[in-house]
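**Q** The numbers in the working numbering rise by one with no breaks, and the one at position 4 of the sequence shown is 107.
Okay, handing you the structure first.
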Amino acid sequence: MFHNSKKIVKGLMLTTEYKRDIYHKKLHYRKYLKRKRGSQSKSDVIEKSNKIFDKLINMPEYIDAKNLIVYCAKNNEVQTEKIIKHTLSRNKKVIVPITNTELRILEFSEILDYDKDLEISTFDILEPKKEAIRPFDLTRIDLIIIPGVGFDKYGGRIGYGYGYFDKFLNSIDKNSPFIGLAFELQIVEILPTTHHDARVDYIITEKRIIESKSEF
């Protein structure tokens, strides 16, 4: 009994050390990749975002999708205004995230008009105005397009550290592809992640489409 207790304590210590190690590595990558992304000019962000747009709308996963979750970009993230407006013009439904800071979860609303339905809200992100909130059955979603601070070739992703997208993606049935949008400079060989970190199926950069490898 005494020896078993020692093993349990040692295992807990290793687990704690591992978690602490992952946490600090994530902090490093988050800071490093945010700095790299922030080093781009506004014109670079727009030009690269347009190239990503062109790749996305020609993917079979996008063409076949009828109901899409699309994030609203902030600052120097891959811009999505063009994606959202194009998607709406193709009579597809666009559903955008709403940040519930009290419950620390994402909620979602369909939008009909990018310019009329959205306003600056939590974390300086565009979200639906209260009068424009339209709940949507998430079981009907065909495609989910998400941001990230960094990605790796295995579909690993790190965000801003709040866990909103991870909680959401891990809570739904995996019946629709997850696509991450990123600039090429946000891609690394492998990120420090755990089983709590949701992975994406594809990553689109201005240079290529990365299909996540299945080794993990």
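The beta carbon of each residue, even a glycine, is placed where N, CA and C say it ideally should be.
1) Would you tell me roughly how many angstroms separate the C-alpha atoms of E205 and I293, rounded to the nearest one?
2) In this structure, how does DSSP classify T118 when only helix, strand and coil are distinguished?
3) Below 6 Å CB to CB, which residues in the same chain sit around F156 once its five sequence neighbours on both sides are set aside?
4) Find the nearest neighbour of K177 within the set K169, D245 and V148, judged by alpha-carbon distance.
5) Counting only runs that start and end within the segment 262 to 297, where is the beta strand (DSSP E) found for 3 or more residues in a row?
6) State buried or exposed for T225, treating a residue as buried only when at least 16 other CB atoms are found within 10 Å of its CB.
7) From what residue to what residue does the alpha helix (DSSP H) around L228 run?
8) Ends of the beta strand (DSSP E) at E180?
9) Does the beta-carbon distance from E164 to P250 come in below 8 Å?
**A** Taking the geometry as given:
1) 33 Å
2) helix
3) K185 and I186
4) V148
5) 281 to 284
6) exposed
7) Contrary to the premise, residue 228 reads as Ile rather than Leu in this sequence. No alpha helix (DSSP H) contains I228, which DSSP labels as neither H nor E.
8) Careful: E180 lies outside any beta strand (DSSP E) and carries neither H nor E.
9) no
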